[in-house]
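**Student:**
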Amino acid sequence: MAVKQNPPYRAEHIGSLLRPASIPEAFRAYKRGELDETGLTKAREDAIRDVVKMQEDVGLQSVTDGEFRRTTYISHFVESCDGLDFRPSSFRFHDISGNDHEFLAPACVGKIKRSKALSAVELEFLKSVTKSTIKSTYASPATMHFLGGAQDPDPEFYCNEEDLFADIATAYDEDIADISDRGACYITLDDVPFPMLCDPAIRGQLEKLGKDPERLVDQYIELTNASFASAPSDMTVGFHMCRGNLKGTWLSEGSYQAVSEKLFKNLDVDVFFLEFDTERAGGFEPLSAMPDDKIVVLGLVSSKVPELESKIALHARIKEAQKYVDLERLALSPQCGFSSAIIGNPVTRDDQLAKLNLVVEVAREVWGTA
Numbered sequence: 086m087a088v089k090q091n092p093p094y095r096a097e098h099i100g101s102l103l104r105p106a107s108i109p110e111a112f113r114a115y116k117r118g119e120l121d122e123t124g125l126t127k128a129r130e131d132a133i134r135d136v137v138k139m140q141e142d143v144g145l146q147s148v149t150d151g152e153f154r155r156t157t158y159i160s161h162f163v164e165s166c167d168g169l170d171f172r173p174s175s176f177r178f179h180d181i182s183g184n185d186h187e188f189l190a191p192a193c194v195g196k197i198k199r200s201k202a203l204s205a206v207e208l209e210f211l212k213s214v215t216k217s218t219i220k221s222t223y224a225s226p227a228t229m230h231f232l233g234g235a236q237d238p239d240p241e242f243y244c245n246e247e248d249l250f251a252d253i254a255t256a257y258d259e260d261i262a263d264i265s266d267r268g269a270c271y272i273t274l275d276d277v278p279f280p281m282l283c284d285p286a287i288r289g290q291l292e293k294l295g296k297d298p299e300r301l302v303d304q305y306i307e308l309t310n311a312s313f314a315s316a317p318s319d320m321t322v323g324f325h326m327c328r329g330n331l332k333g334t335w336l337s338e339g340s341y342q343a344v345s346e347k348l349f350k351n352l353d354v355d356v357f358f359l360e361f362d363t364e365r366a367g368g369f370e371p372l373s374a375m376p377d378d379k380i381v382v383l384g385l386v387s388s389k390v391p392e393l394e395s396k397i398a399l400h401a402r403i404k405e406a407q408k409y410v411d412l413e414r415l416a417l418s419p420q421c422g423f424s425s426a427i428i429g430n431p432v433t434r435d436d437q438l439a440k441l442n443l444v445v446e447v448a449r450e451v452w453g454t455a
């Protein structure tokens, strides 16, 4: 096959990468008042230089900063805006032992307005250290409403959800327009609400709260599309559907079937990054709803466990996916990031490197290029 000149490429990764020990150490020193902001920034930027080189050495054509400036994949956008903060979520992460884990999620605590250009800071530094395609990553707009429990807005700030969603969309659109003006050509939105809306248990939980899951699907599609309305036509917009990724735990399970018809056809993105690493994801059948102008990046390599996947198994699964999507519109990646928070998944940096190498090697075997 011809070498792809524009993203997404045949071998991709989602965005976050394991932080070296120097980053959490510097962050703790900063919190204790033993390191100033300049020192914290230097520790992060030194590590970013190294992780960019690692991605390039592996053979990835698009690179990120590993989200090394963030405490979580969500934090940089919350910190970019007035009116957003973190509060306890009504949802829970789950682990393989059957335990549930509480977490903090974005919450509206005032009128939402973009006040800082943190994405631009990430982009400008990356431009200074790489000539590769830069991928800028965001938590999805719907995350800012749903992850805390899809609660009604405080009437002190918003009379209805529509006004709240309009301000969220405006904040995203302004930020994406800013990095576009600075040369960004590739973004992804990391989304947990839509996969959670595929989970029957979560749907039931929402219905008990008086929420209509189908209405939320419709609202979140509209919100997401409005959030990059100003993006230029030559910017590649990706959408990663994530079932939750905190230190190897997860939030939801269930086939994409519950949202695939509406989402795949009505979301105005170029690329879907879809998790298919465990039985929790269901089969490839929902891909039958994928429009012919969309690319699907198959998340077949787990970032949650150290065991390295078999090349034979990956080839077989890619072939199986071709029943629903032509090979020319497929690509390969890990199912999620390796470190959605400052403390990453229960894998080592050697495990991470092996998995990224595997993605690149299999992509070259299947498509002739990474």
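Quick note on this note's numbering: the sequence shown kicks off at 86 and runs consecutively. C-beta: ideal position from N, C-alpha, C; glycine also. Remember, it's a predicted structure, so these values are computed and weren't measured experimentally.
(1) DSSP state of Pro298, grouped into three classes?
(2) In whole angstroms, give me the CA-to-CA distance for Asp263 and Cys270.
(3) Comparing C-alpha positions only, which one of His179, Ile197, Gly168 sits nearest to Ser337?
(4) Apart from the five residues on each side of it in sequence, which residues of its chain come closer than 7 Å, Cβ to Cβ, to Arg267?
(5) Taking Tyr158 as the reference, which of Ile253, Arg199, Asp260, Val277 has the closest Cα?
(6) I'd like the ranges of any beta strand (DSSP E) spanning at least 3 consecutive residues and lying wholly in the region 264 to 351.
(7) Under three-state DSSP, which class holds Ser213?
(8) Counting along the chain, where does the alpha helix (DSSP H) carrying Glu446 start and finish?
(9) Buried or exposed: which applies to Ser395, given that a residue is buried once 16 or more other Cβ atoms fall within 10 Å of its Cβ?
(10) Determine the direct distance from the alpha carbon of Gly118 to that of Asp355, and round the result to whole angstroms.
(11) Using CA atoms only, rank isn't needed, just tell me which of Glu152, Lys201, Glu110, Ser217 is closest to Val143.
(12) Taking 8 Å as the limit between beta carbons, can you name the residues of its chain near Asp237, skipping five residues before and five after?
(13) Which of the three DSSP states, helix, strand or coil, is assigned to Thr156?
(14) The beta strand (DSSP E) spanning Ala190 covers which residue range?
(15) I'd like to confirm the pairing. Which residues does DSSP put opposite Tyr223 in its beta bridges?
(16) Pairs of beta-carbons, one from the region 427 to 442 and one from the region 399 to 407, closer than 8 Å: are there three or more?
(17) Taking just the CA atoms, how far does Pro317 sit from Asp150?
(18) Using alpha carbons as the reference points, say which of Gly234, Val148, Ser101, Ile403 lies closest to Arg177.
(19) Taking Leu385 as part of the alpha helix (DSSP H), name the residues at either end of that continuous run.
(20) Does the Cβ of Asp362 have 16 or more other Cβ atoms within 10 Å, making it buried, or fewer, making it exposed?
(21) DSSP state of Ser107, grouped into three classes?
(22) Phe231 lies in the alpha helix (DSSP H); which residues open and close that run?
(23) Going by other Cβ atoms of all chains shown within 10 Å of its Cβ, with 16 needed for buried, is Cys244 buried or exposed?
(24) Taking Val143 as part of the alpha helix (DSSP H), name the residues at either end of that continuous run.
(25) Does the count of Cβ pairs from the region 323 to 331 and the region 417 to 426 closer than 8 Å reach three?
(26) Quick check: the Cα distance between Leu125 and Glu152, rounded to an integer number of angstroms?
(27) Which term fits Ser147, buried or exposed, when burial requires 16 or more other beta carbons within 10 angstroms of its beta carbon?
(28) Taking all protein chains shown into account, do 16 or more other C-beta atoms lie within 10 angstroms of the C-beta of Lys293, making it buried, or fewer, making it exposed?
(29) Report all residues from its chain with a CB closer than 7 Å to the CB of Phe162; omit the five preceding and five following residues, and keep chain order.
(30) In this structure, how does DSSP classify Val148 when only helix, strand and coil are distinguished?
(31) Per the DSSP calculation, Cys166 is bridged to which residue(s)?
(32) Anyone know if the C-beta pair for Lys408 and Phe369 falls short of 8 Å?
(33) Since Ala439 and Leu308 are thought to touch, with beta carbons under 8 Å apart, how far apart are those beta carbons, to the nearest angstrom?
(34) For Asp378 and Glu122, what's the separation of their Cα atoms in angstroms?
(35) Are Ser340 and Gly367 touching if we call contact CB-CB under 8 Å?
(36) On the CB-based measure, 16 or more other CB atoms within 10 Å of its CB, does Pro92 come out buried or exposed?
**Tutor:** According to the structure data:
(1) In the sequence shown, residue 298 corresponds to position 213, counting from 1. Three-state DSSP puts Pro298 in a helix.
(2) Start at 1 with the first residue of the sequence shown, and residue 263 comes out as number 178. Start at 1 with the first residue of the sequence shown, and residue 270 comes out as number 185. Spanning the two alpha carbons is a distance of roughly 12 Å.
(3) Residue mapping note: residue 337 aligns to position 252 of the sequence shown, counting from 1. Comparing Cα-Cα distances from Ser337 to each of His179, Ile197, Gly168, the minimum goes to His179.
(4) Translated into positions along the sequence shown, residue 267 becomes position 182. Taken in chain order, the residues that qualify are Ala205, Leu208, Glu209.
(5) Numbered from its first residue, the sequence shown carries residue 158 at position 73. Comparing Cα-Cα distances from Tyr158 to each of Ile253, Arg199, Asp260, Val277, the minimum goes to Val277.
(6) 271 to 276, 321 to 326
(7) What you label residue 213 is simply residue 128 of the sequence shown in a count that begins at 1. Note: Ser213 maps to helix in three-state DSSP.
(8) Taking the sequence shown and counting its residues from 1, one reaches residue 446 at position 361. Start and end: 434 to 452.
(9) Mapped onto the sequence shown, residue 395 falls at position 310. Ser395 is exposed by the Cβ-count criterion.
(10) Working through the sequence shown from its first residue, we reach residue 355 at position 270. Working through the sequence shown from its first residue, we reach residue 118 at position 33. Distance between the alpha carbons of Asp355 and Gly118: 44 Å.
(11) Start at 1 with the first residue of the sequence shown, and residue 143 comes out as number 58. When only C-alpha atoms are compared, the closest one is Ser217.
(12) Indexing the sequence shown from 1 puts residue 237 at position 152. Closer than 8 Å at the Cβ level, and outside the excluded window around Asp237, lie Glu246.
(13) Looking up residue 156 in the sequence shown gives position 71. Coil, per DSSP.
(14) For the purposes of this step, residue 190 is identified with residue 105 of the sequence shown, where counting begins at 1. Here the beta strand (DSSP E) through Ala190 covers 189 to 199.
(15) If you number the sequence shown from 1, residue 223 lands on position 138. DSSP lists Leu274 as partners of Tyr223.
(16) no
(17) Along the sequence shown, read from residue 1 onward, the residue named residue 150 stands at position 65. Along the sequence shown, read from residue 1 onward, the residue named residue 317 stands at position 232. Taking the straight line joining both Cα atoms gives about 23 Å.
(18) Looking up residue 177 in the sequence shown gives position 92. Per the Cα distances, Gly234.
(19) Residue 385 sits at position 300 when you count from the first residue of the sequence shown. Segment 380 to 386 is the beta strand (DSSP E) holding Leu385; no alpha helix (DSSP H) there.
(20) Sequence index remark: in the sequence shown, residue 362 carries index 277 (1-based). Burial call: buried.
(21) Here residue 107 refers to the residue found at position 22 of the sequence shown. Three-state result, Ser107: helix.
(22) For the purposes of this step, residue 231 is taken as residue 146 along the sequence shown, with counting starting at 1. Counting along the chain, the alpha helix (DSSP H) containing Phe231 begins and ends at 228 to 231.
(23) In the sequence shown, residue 244 corresponds to position 159, counting from 1. Counting Cβ neighbours within 10 Å, Cys244 comes out exposed, since fewer than 16 surround it.
(24) Working through the sequence shown from its first residue, we reach residue 143 at position 58. Counting along the chain, the alpha helix (DSSP H) containing Val143 begins and ends at 122 to 143.
(25) yes
(26) Numbered from its first residue, the sequence shown carries residue 125 at position 40. Numbered from its first residue, the sequence shown carries residue 152 at position 67. Distance between the alpha carbons of Leu125 and Glu152 is about 14 Å.
(27) As a working mapping, residue 147 is identified with position 62 in the sequence shown. Its Cβ being crowded by 16 or more others within 10 Å, Ser147 is buried.
(28) Residue 293 sits at position 208 when you count from the first residue of the sequence shown. It is exposed - the Cβ of Lys293 has fewer than 16 other Cβ atoms within 10 Å.
(29) Taking the first residue of the sequence shown as 1, we reach residue 162 at position 77. So the qualifying residues of the chain are Tyr223, Ala224.
(30) In the sequence shown, residue 148 corresponds to position 63, counting from 1. Here Val148 sits in strand by DSSP.
(31) Indexing the sequence shown from 1 puts residue 166 at position 81. DSSP output for Cys166 lists Arg199 as bridge partner(s).
(32) Mapped onto the sequence shown, residue 408 falls at position 323. Mapped onto the sequence shown, residue 369 falls at position 284. In contact: Lys408 and Phe369 (Cβ atoms closer than 8 Å).
(33) Stepping through the sequence shown from its first residue, residue 439 is reached at position 354. Stepping through the sequence shown from its first residue, residue 308 is reached at position 223. No, Ala439 and Leu308 are not in contact; Cβ-Cβ is about 38 Å, not under 8 Å.
(34) For this step, residue 378 is matched to residue 293 along the sequence shown. For this step, residue 122 is matched to residue 37 along the sequence shown. Those two C-alpha atoms are separated by around 45 Å.
(35) Within the sequence shown, numbered from 1, the residue matching residue 340 stands at position 255. Within the sequence shown, numbered from 1, the residue matching residue 367 stands at position 282. A contact, by the Cβ cut-off of 8 Å.
(36) For this step, residue 92 is matched to residue 7 along the sequence shown. Classification for Pro92: buried.
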